[in-house]
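Numbering (the numbering used here), first residue to last: 8 to 172.
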Amino acid sequence: MAWSIVRSAEKTLHLLKQNGLELEGDEANSLLQHGHAQMFGFNCKVANVVGTNSFRVRVCSEWFQSFSVAKPRIRTSPVEFDYQLLPTRKYLFALYYLALRDYACQLEMERDRWFREPNWGLVVDEERGLFTWKEGNTLRFPLLVLSSPLDLDLRAKQYHAQPVT
């Protein structure tokens with residue numbers, strides 16, 4: 008059964024605290040109430056937790072129609088997300104939107120169907136820090152373990168230092 012926004016946010020806050028990182032005040036409240044918050048200079052959204060290592064992430068359908076590099080967002084909100092957070096049993100993983108775009112474009116199975124969907128399922132291999140897309144896809148993609156605000160900043164800089172394809 009899918010977790011509530013509050014449960015997912017509480018697990019995210021717990022994993023942040025384990026790494027010596029804390030959100031307080033408005034940021035923590037936003038995460039608990041809405042599932043997204045400004046964190047360390049980035050807009051972050053907790054992915055929908057479907058099961059222990061199973062998630063649904065938000066993609067941007069414009070990526071597949073016009074090769075856009077727009078950030079994913081929720082239809083009812085103008086907020087665009089830099090990172091989507093995946094709270095697992097032991098780690099808080101983060102997925103940068105440009106990395107997500109690259110990995111989405113490498114989808115193996117049922118591309119026509121998924122390219123029309125705003126939310127995609129993935130399964131995390133917590134011990135290896137990798138994920139695969141659901142529905143029989145086999146390619147594995149790396150995740151970022153969030154243990155410092157610097158992790159988010161460096162990942163963004165790495166992606167912006169290379170040409171967009």
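By construction, the Cβ of each residue, glycine as well, lies at the ideal position given by its N, Cα and C atoms.
By the beta-carbon neighbour count (other beta carbons within 10 angstroms, threshold 16), Ala168 is exposed.
Annotation: the continuous beta strand (DSSP E) that includes Leu137 extends over Leu137 to Trp140. Of the candidates Pro125, Val56 and Gly32, Gly32 places its Cα closest to the Cα of Gln45.
In terms of Cβ geometry, Arg108 and Val66 form a close pair [threshold 9 Å].
Between Ala35 and Leu22, the gap from beta carbon to beta carbon reaches 9 Å or more. Of the residues assessed, Cys112 falls on the exposed side of the cut-off, its CB having fewer than 16 other CB atoms within 10 angstroms. The straight-line gap separating the alpha-carbon atoms of Met116 and Thr145 is approximately 9 Å. For Ala35, the enclosing alpha helix (DSSP H) stretches over residues Gly32 to His41.
Nearest to Phe148 by alpha-carbon distance, out of Phe74, Val86, Phe100 and Ser68, is Phe100. If you draw a 10 Å sphere on the C-beta of Ala77, you find fewer than 16 other C-beta atoms in it, and that means exposed. Between Val152 and Leu92, the beta carbon gap of about 11 Å keeps them out of contact (Cβ cut-off 8 Å). Beyond the five residues adjoining it in sequence on each side, Lys164 comes within less than 6 Å, by CB distance, of no other residue in the same chain. Ranked by Cα distance from His43, the first of Val57, Ile81 and Thr59 is Ile81.
Judged by their CB atoms, Arg63 and Asn55 are nearer to each other than the 9 Å cut-off. In the DSSP assignment, Ser61 is bridged to Gly58 and Val130.
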